[in-house]
Structures are given as structure tokens and as C-alpha cells.
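Input: a single structure, listed below in C-alpha cells.
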Amino acid sequence: MRTEQEIFDELEVIAAQEGFWEVIAFFCWKDTFIHFSGEKLDAEAFAQAFDRTRLSRTELSTLIGLACKSGFSDKQLSLGELKERAEHVWHLLDELHHSFYPPLDFAALSEKFGSKDGDDIPNFGEFMRELAPNRDKNHFMREAIFYGGDGVFKHQYRDLAKRRYSLDEDWVEANKGFKITQAVDVISAIEQIQLEKANQLASSAKSWPLPYHLPMFIFTISEVATRCGLGEEVVEAVIAALSAKPEEGMKCFKSVDDFNHKNAFPIIKIDEDTFVSFQAYSLWEALYESPFFWFNEDKAYKSIASQHRGAFTENFTAERLALVFGKENVLTNIDIFDGKGKAGEIDVLVTFGRFAIVVQAKSKKLTIEARKGNSQQLEGDFKKAIQDAYDQADLCSQLLQKEGYIFKDEFGKEVNIQSDFKTIFPVCIVSDHFPALAAQARHFLKYKTTNVIKHPYVMDVFLMDMITEMLPSPLWVIDYLNKRSDYGDSILSNHELVILSTYIKQNLYFEEDPTLVMLDDDISTDLELAMLARRDGHDGPKTPQGFLTFPRKSHVGRIIDDIEFSADYCLQKLGLHLLSMSGNSIDLLNKAISKMITQFKKDHQHHDISLPLLEEKTGLTVHCNEDDNYTAYKRLVTHCEKRKYTCKAESWVGCCFSPTKDKFRFASYHESKWNQSDEMDSLVADLKPISPEHHIEDVRKISFGKQPQIEGKKVGRNEPCPCGSGKKYKRCCIP
């Protein structure tokens, strides 16, 4: 097996050959565009982006960097030459990927640890350390950083760049000759020009691949100016800020994770009016990232820009959370004081009923040395960006639960904050896209949880943008944070947006109760299409089919609609309970409520149903009546307490439903440790047993999506149909 450097060196030799720019153009045409027929882009077509034979953006950037080291070449290749070279390059990149891991002698390792087959190794931690013989190099994290892909949609870079640098517009205009909003127009024009050229070439071509791919990536200043409507001076200024000659800055590019100058300057200058840009995504990323380096070169402005960057992270996070939870429930820059002085500081605090979200924001980047896998630098960068933020979030989460502390806002005004939170979510957020953030958090983060403080959630501003865009109310966001926290480190994915997409599609339900789940990137296809529909007016559904779109006009759907914005803890627990149920379980409950409504219209009597979840020691009781509120509430509370006791549950949710208005009335929530009680034993002595049809012993059969196994109950042909229709069984639902 060859070393990584040997493979890289061979790629560099090939990249120096004439015609290699056409090879890159072919790969970029094949792997960065979505190819489909017809007028509508759907999920099936979009799934091409996750084809495992496609080159990743980092692989393409590596090829571009290597090609630039030898200058520009516009030589056209024959179909045979292109095919041969492209296949050779693809196989070299595949070999390069495998070379990231050091060679391992598992037989020798097993022998060393006294195990012939590798099982029953006495010290697993020591064994794992032996897998990485070079302690200074984290090969696994380095691979995740290079091949992990993108956890940001390119339109987010576009939209958030305008927001991020809004306070720096004067400096950018004075020093660079354009505004960020104008740069957005220029890059949009370049992207549109390239897309039009690609479609024109594809429609006129008689074969695949195309005869010549490079022209679609070449553009001139006049083309861009005409398309975006800006003056050529402004267009020149934008392109100058993001462009460089091919060889410029490339001497230091000697390995895959050396600084690649073409990532910072993705537009390649061929002559005074002609340019090449291979990846639109890289343009948007550079617009979001590059101003940081521009500001750093101005010693007088550097500290001001740093303050603006920190303010953006906090303010953007607060604004997005306020869209869901309301401005009145989102506080920023809260200082916590004890008798001696300041004990802690919260960047963004959300309080909603008995739930709290404690956000600590950072604006740190991953250094080049860390990207190379330098273990010490990786841990150092992670500590500055994430660990320190988490430690602060954890401390403040603890202080929120204690009496005697004083909370003040940034103006020194005292703020009244409760201390009886039932659940606190610590969130660490960064303003830059941190490569392999999920993998790094899983590997490096040191944390602890309690009955109140949940597993920490590490994210960037782009994920916060998506969560608050896609989840429609406080109830849904709390439900997602709850479930994501409960899984903790047992879900593996390249990006958190994949996990969010899984929740949107199937409620983080998996067929079995797993100890570890691995999710592929293609799960996020529907999420990206929905975001395109929302942000770019793309023709498609704004909400993917699945968990968020289950029948909202059903009884359960209307109950959720009525309570999803409530800060009342009883209503929140009812909502969370309903959202924990599978589609099959919700169907069961909807049918039961319909049946009770039908029965009420016949006899005008109270009816109810109870659904115990024995393994989770909880349950739900639904009452259907038109009693006055006092009588109905007292009846519901008493019934729930009895059901909770007989099922030896530690919590129970009650819900009262109006059969005449087909509307939710009120809820109750009961929470306490179960203890045997002679008094309760006598009270429940005459309690009617729960019907076997609703007695669900395995929680997964109701809350994780499996079809509830209902025991059959014999119904005579001439008896009333159990569906409540009033017809005989033989004339109604009999199979």
C-alpha cells in the first residue's frame, strides 16, 4: 500500500499535464450539478448529489489546487483521452482516501493483548490507543475533517453573509470597493451564467460526456456586469477580492491538508478580463469566510471586527429563537451574581414554562494544523471553540436551579428568572462552519448530565437557522431537543442537519431500540429541497412529507395545534406525549376519540380511554364529556391519579375533549414516584380494568412506531359494531 504523499505526488504530476483543466471541468460538470430531465427538480433527482462515486468538494478543490500549480491550460481532450485520465484520477483519489488510515496488523495486536480472534480484549481503551500508533496525529479525525462533506446549504452562506457583515459594510466598501450585498449579486450572476452555459451545452450535445466542458466555467467581467446590472467597476472589485492567478500562493500546497490558496480565492484569473470558477459553493463559502482575513490585515479595525463577529453569533441566535419562542422569552447577555460577585454569564437564555435553553456562543475557527490532524492542536481548537462554551453553559445551567442568585441584563437591570426548571438544554454554538463538528463533539467533549440538565447540543449558526425555520412552534423545538439529547452520542452522522432531517421525516424513530445508529447524508435531501422552496422560491413542498405533516385535521392534530405555543407545563407535557406516539398509535387514539364522540351523541354520557405505557412508567387518559369545567377537571384528575397508581407509573397525562365542539378543553399532569398506599388501594378497588385493546406493554409499540399488538376480542355478528357506527357488526366492519 502506497503512502498518502506518494499518491499526492502522482496526482501533482498528472495535474501538470496539458488537458488536466478539462478533466477538472468534466468532474465539476458531473459532480457539482444536478442532472435531470423535465422542468421540476424532485428528491429523486436531488439524491444524485449523494452518489458515492461523486467526488467530494474537498477532493475537487485538491485537484484545482494541483492544476493551478502548473498554470492554466485550455487544451481539449478527445473522448478517449478524457475517459482514460478521469478514471485514473478517480482511482488515485480513492486510493488516497484509503491511505488516510495507518496500516494495522490486527493479528499482531490480538496476540499482544492475548486474544486470538480479537474478542474479549482485557483493556479496550489501551487497544484503541494502539490503533493510532502516532499519538501526535489523529488520523480518524483528520479523515472526518477532509471527507466529512458540507453541513451548510450554499444559500445559507449567501443569506447569513449579508447578516454577518452588516456592521462592517462601511469598512468593506471603503477598503474593497463594494458592499457585501453587491458581492451577493455578483456571485449570483456568475452562478446563473454557468448554469445557463451548462444547460446550453447539454441540450446541444449529441453524446455524453460533452465534447468540451471547460467553457461553461469561464466568464468575463462584462458578462457578469450585464447579468447582475452593476457597474463594471463594482464587478471588478468583487472579483478582485475573490480571485488570484493560477500559480499565486500555491507553492506551499504540498499535501492534501496544506493551506489551499484556491479555497480562499476560488476565482482563477486567466487574463485581465477572463476568469474560471469551478465550484459555486466555494464562492459562497469564500464570501462568508474571507472578510475575517481582510479585517485581520487592518490592525486598527481587527478588534472592532472581532466584536462585530461575536455580536452576530449572539444576536442571530437570539433572533432565530425569538421567532419561535417570542421575544419576551429570549434574553441576551445575562449576568449571574452571587453575594461575592459575578458567578456566570449566559449569552442567550430562552425560558419557556419549565423549560430553558442556555446558549453559549463562540466565534472560533479550526486552524490549519488542526485540519492536518495534529492531536494537540485539534484538542486546543476544540477547547477554545466548544469545551469552554460548554463548561460555561453547564455552570450557568446549575446556577439557574439555585435560589439566592441575582440575574441582570446587559444594562444592569435585574431580571426575574424562576429556579424551578424541569429541563435545561445546554447549547454550544459557533458562527463558522466547523469541519466534522459532530465527530469532534463526540470525540472530545467532556460533559455530564443530571435529571434536569440534558446532554449538550453542539451546533453552528446554520443548524440553528434550519431548526428555527423548519420546526413550527416551541413545542416542536422542545420535542426535537428532548429527543436529540436523549440519543446523545448514540447517533452517528457527518452533520447534525442529517439528524434534524431524520426527525422531520420519521420522528427519530428506528425499527429497533438501538445502541448506535449511523445515518447517511442522503437523508437530508428532502430538507434541502424544503429550504430551497422557503428561501429561493423553488417549486416544491416547503415541509417534507413525514412527521411534521401527519394529518393536522385529525383530533390529535387539532389538540397539538391548540397547545403548541403554550408555556403551561401541563399542556407542554400533553403535547410532548402526543409527539412521542407513532403514526399507528395516533391513528388508534384518533379512532378512539371519534368513537367516544359518536357514543356521546347517542347517550350524552361521559366516555374515556386510557393508554398506559408500562415500560416508560407513564400513560395517557382522554375524557370526552360536556360537564362543567370544575366537575370535568376534578373527574379527570381523580381518574388520572387512579390510573397512575394501578399502572405503577411515575407520570400520567390527562386530556379532556369536547365531543360537541370537537375541540380540546384542558389537560392535567401528574408526576411523582410510585409508592404503595393502603388508601389508594381502597380507592382503586372498584376501578374498571383497562381494556386489553389499549393495554400496551411494550413502549416501542406505541412511542417508537411499531404497530400496537391489540388482543382480539370476539364480537358476535349481530352485536353492535365496536366502531360506534350503530350498525350491526355483520353489516359494518366485519372482514
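Going by full-length UniProt numbering, the sequence shown opens with residue 1, and the numbers climb by one from there. We put the CB at the ideal spot given by N, CA and C, even for glycine.
Leaving out the 5 sequence neighbours to the left and right, which residues in its chain are closer than 6 Å to residue i when beta-carbon positions are compared?
i    : result
H261 : G249 and M250
L527 : S501
T468 : R320, L323 and V324
C656 : H623, A632, L636, R665 and F666
S658 : R665
H606 : N625
Does the beta-carbon of residue i have 16 or more other beta-carbons within 10 angstroms, so that it is buried, or is it exposed?
i    : result
E677 : First, the residue type needs correcting, since residue 677 is Ser and not Glu in the sequence shown. Result: exposed.
R52  : exposed
K40  : exposed
F293 : exposed
M216 : buried
M141 : buried
E314 : buried
S37  : exposed
R552 : exposed
A205 : exposed
L687 : exposed
L516 : exposed
H91  : exposed
Residues in the same chain with beta-carbon distance under 7 Å from residue i, minus the five sequence neighbours each way, listed in chain order, please.
i    : result
Q156 : F462 and D465
G488 : H455
S566 : Q572
N590 : S554, H555 and V556
Return the chain-ordered list of same chain residues with a C-beta closer than 8 Å to the C-beta of residue i, the five sequence neighbours on each side being excluded.
i    : result
F550 : G557, G583 and I586
S61  : N260, K262, N263, Q279 and S282
I34  : L41, A45, F46, Q48 and A49
T367 : Q377 and D381
S188 : R158 and C228
For residue i, name the three-state secondary structure that DSSP assigns.
i    : result
K362 : strand
P209 : coil
G654 : strand
S37  : coil
N374 : strand
I690 : coil
M581 : coil
Y569 : helix
T621 : strand
A198 : helix
H455 : coil
S725 : Bear in mind that a pLDDT of 45 at S725, under 50, signals an unreliable position, so the number given afterwards is only what the model happens to contain. Coil at S725, not helix or strand.
C428 : strand
H670 : strand
K340 : coil
K154 : helix
P708 : A caution first: P708 carries a pLDDT of 30, below 50, which makes its placement in the model unreliable, though a value can still be read off. DSSP places P708 in coil when its eight states are reduced to three.
K663 : strand
N333 : strand
M1   : coil
A15  : helix
E345 : strand
T598 : helix
T181 : helix
M680 : helix
Among the candidates the options, whose CA atom is the shortest distance from the CA of residue i?
i    : options                   : result
L208 : R163, E196, G80 and A237  : A quick correction: the sequence has Trp, not Leu, at residue 208. Of the listed residues, the one whose Cα sits closest to W208 is G80.
I386 : L167, L287 and D460       : D460
K83  : F26, D536 and K402        : F26
V359 : Q377, Q182, F425 and V186 : F425
Y147 : A244, R57, G326 and P456  : R57
E87  : A43, F20 and I64          : F20
C252 : C68, D603 and E496        : C68
E414 : N333, A305, H443 and K402 : N333
E564 : R54, I478 and T525        : I478
V684 : D258, Q194, R643 and D662 : R643
S397 : G412, I453 and F444       : I453
L614 : T598, E626, H606 and T646 : T646
Counting only beta-carbon separations shorter than 8 Å, does residue i have a partner in chain B?
i   : result
H91 : The structure shown contains no chain B; it holds only a single protein chain.
Can you give the beta carbon distance from residue i to residue j, rounded, assuming they're within the 8 Å contact cut?
i    : j    : result
L378 : N138 : 6 Å
V256 : F434 : Actually they do not touch by this definition, with Cβ atoms about 19 Å apart.
G619 : A649 : 6 Å
K162 : I180 : 6 Å
F265 : A244 : 4 Å
Y509 : Y480 : 13 Å between Cβ atoms; not a contact.
Cβ-heavy atom distance between residue i and the ligand SAM below 7 Å?
i    : result
S651 : Absent from the structure shown: the ligand SAM. Ligands present: none.
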